[in-house]
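There are 2 protein chains.
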Amino acid sequence: MKESEIIRKKIRNGDFVGQTSGLAEGFAQANLVVLREKEAQDFLLFVQRNPKPCPLLEVTDVGSPYTKYVAQDADLRTDIPKYRVYEKGELVDEPTDITKYWKEDLVAFLLGCSFSFEWALIEAGIPVRHIDAKRNVPMYKTNIKTKPAGIFHGPLVVSMRPIPYDKVVKAATITSRFPNVHGAPIHIGYPELIGIRDLDSPDYGDKPIIKEGDIPVFWACGVTPQAVAIESKVDFMITHSPGHMFITDIRNSELSIF
Amino acid sequence: MKESEIIRKKIRNGDFVGQTSGLAEGFAQANLVVLREKEAQDFLLFVQRNPKPCPLLEVTDVGSPYTKYVAQDADLRTDIPKYRVYEKGELVDEPTDITKYWKEDLVAFLLGCSFSFEWALIEAGIPVRHIDAKRNVPMYKTNIKTKPAGIFHGPLVVSMRPIPYDKVVKAATITSRFPNVHGAPIHIGYPELIGIRDLDSPDYGDKPIIKEGDIPVFWACGVTPQAVAIESKVDFMITHSPGHMFITDIRNSELSIF
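Chains as they are written, first to last, in the numbering used here: chain A, 1 to 258; chain C, 259 to 516.
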């Protein structure tokens, strides 16, 4: 049994309800977005048009809470430690199981997560400041618009990692190997050019730790689709709770395209 | 007959003595360094230790002026439009033929040239400012030291291309596919961090044209090995004259590693 399966089983049985960072090391984790069929059609188009913030790993069949490709024997109603339930853009519940919310018209989207490319950076000897400081990554709304689809529209959200200046190019080329987990950065060096006024005031996550000689590097962020869905006041949506991800059976190294 | 062969024949016959930029489009051009066997041993080690400024395409056998791999039926004594001959670091001649200088103890090095990756940038829709303005690329000595070998030591020389900020990452990832022609940049964005005080005063080449929203991107430069050899006051050296390159039979696209 893979480590990922063991941990999913624990989560399913209610034996683990915490954050998943660092769990089942080497296995990719995924963001969850569950929508009704009607909005799911628009959302599928939205992620297709915005692959950098929304790298799609799997979409379930309508009504099915089971993954076919990214994990074996997984049930998306029970195998994530904590969920968030939204109605018309408002948070209404934060359960550890969504069986009672599941309906025949729901579709689940699993989207790649930056944990995987952070693993690749660390493997390459590139420090990841917020991980070293046990903080959350700082995230910012930008002046870059996502490509709209149906009811979904809004700004691109980016995560920022301060990278030592002599490792910036390596960070860009390494993450370009991982398009399914946001891929190459979308900007290097000048926050004001993408509409970010103050790096010390992120829109989500924690204040960054920037060391001397660090250059700010920005990647498209998986918060984008959730932020866009909330702002679009979609009727009904379930997501994972921040930091409480779905653990797949795919190894991070398998996500590299070369 | 390939276009590259046709042009080499013209050059050999003395029918062409100009710069090679834009000639035999699609074919890679190469820098030439010719040294005596004794210094060639050190130089081979130097290029092995510094592959980014010195991407080695071919080394000839001792005493042979003929290429075996990068071009068919080429004679390095006659197939370059113009040469430079140095004695103890001083320029002593700039002939169009080096037959009279050739000796049995000489070794020729052919090194990859940035023309090839500029071709890749242009193919990808990334403007190359100095080409658009028909100028030479600006080049700068940095505070980055090359790894020394024998008598060869000195600073890394870089070329700089101003790139629109929203194309910088693409420029980095595209050129990373071409390690044989300097590969990925060595620095992005902050010239002072690599010891460059004034972008408007390059050590070699022309003053840059930087448009609004451009970010300076720096690549290791093929001038490095020549500059290092001159500064090391090597007894005897022949190089191509700047801009007068050796035209190979290798297509630029073949140099891509993926």
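For each residue, glycine too, the CB sits at the ideal point set by N, CA and C.
Every value quoted in this text rests on a predicted model; they were computed, and no experiment measured them.
In terms of residue numbering, what span does the beta strand (DSSP E) encompassing L314/C cover?
314 to 317
For L76/A, three-class secondary structure by DSSP
coil
Could you check how far apart the C-beta atoms of Y210/A and P162/A are, in whole angstroms? I think they sit under 8 Å.
Per the sequence shown, the amino acid found at residue 210/A is Ile instead of Tyr. Their Cβ separation, rounded to whole angstroms, is 4 Å, which keeps I210/A and P162/A in contact under 8 Å.
Taking Cβ-Cβ distances shorter than 8 Å, what residues in chain A pair up with T217/C?
Chain C is shown only over 259 to 516; residue 217/C falls outside these bounds and no answer can be derived.
Integer-rounded CB distance, given that R49/A should sit under 8 Å from A149/A
6 Å
Cut-off 8 Å between Cβ atoms - residues of its own chain near F552/C, not counting five sequence neighbours on either side:
Because chain C spans 259 through 516 in this model, residue 552/C falls outside it and cannot be assessed.
Beta-carbon contacts of G370/C that lie in its chain and below 6 Å, excluding the five residues immediately before and after
P313, L315, N438, V439
Helix, strand or coil: which one does DSSP assign to E87/A?
The three-state secondary structure of E87/A, taken from DSSP, is strand.
Leaving out the 5 sequence neighbours to the left and right, which residues in its chain are closer than 6 Å to V34/A when beta-carbon positions are compared?
L106, A108, I238
Considering only their Cβ atoms, is the gap separating P138/A from P208/A smaller than 7 Å?
yes
For chain C, check one thing: does any of its Cβ atoms lie closer than 7 Å to the Cβ of Y140/A?
no
Among all the DSSP beta bridges, which residues are the ones paired with S159/A?
M139/A, W219/A
With the cut-off set at 7 Å, would you say I186/A and A220/A are in Cβ contact?
yes
Burial state of D79/A (16 or more Cβ within 10 Å):
buried
Cβ contact (3+ pairs, closer than 8 Å) linking the stretch 228 to 235 of chain A and the stretch 57 to 66 of chain A
no
Can you list, in chain order, the residues of its chain whose CB lies under 7 Å from that of A382/C, leaving out five sequence neighbours each side?
K428, I432
Strictly by DSSP, which residues pair up with G370/C?
A288/C
Look at the alpha carbon of W102/A and the alpha carbon of R12/A, and state the distance between them as a whole number of angstroms.
15 Å
Go to D390/C, then tell me how far its alpha helix (DSSP H) extends in each direction, as first and last residue.
387 to 390
Residues in the same chain with beta-carbon distance under 7 Å from R335/C, minus the five sequence neighbours each way, listed in chain order, please.
Correct list, in chain order: P323, D355, I356, T357, W360.
Check the C-beta distance from Y190/A over to M160/A and give it rounded, since I have them as a contact under 8 Å.
Actually they are not in contact, since the Cβ atoms of Y190/A and M160/A sit about 12 Å apart, beyond 8 Å.
Who are the near neighbours of E104/A in its chain, counting only those whose CB is closer than 7 Å to its CB and skipping five residues on each side?
Taking C-beta separations shorter than 7 Å and ignoring five residues to either side along the sequence, the partners of E104/A in its chain run G63, following chain order.
Is the CB-CB distance between S372/C and L513/C below 7 Å?
no
Cα-Cα separation between V262/A and V234/A, rounded to whole angstroms:
In the structure as shown, chain A begins at 1 and stops at 258. Residue 262/A is therefore absent and cannot be evaluated.
Per DSSP, which one or two residues make a beta bridge with R509/C?
Answer is F285/C.
Along the stretch 158 to 182 of chain A, where does the CB come closer than 7 Å to a CB of chain C? Name the residues.
Y165, V168, V169, A172, T173, S176
In whole angstroms, what is the alpha-carbon distance linking D234/C and S459/C?
Past the boundaries of the shown model lies residue 234/C; chain C is included only from 259 to 516, so the question cannot be answered.
I'd like the list of long-range same chain contacts for I126/A, defined as Cβ closer than 8 Å, with 5 residues on each side in sequence excluded.
I163, P164, K167, K170, A171, I174
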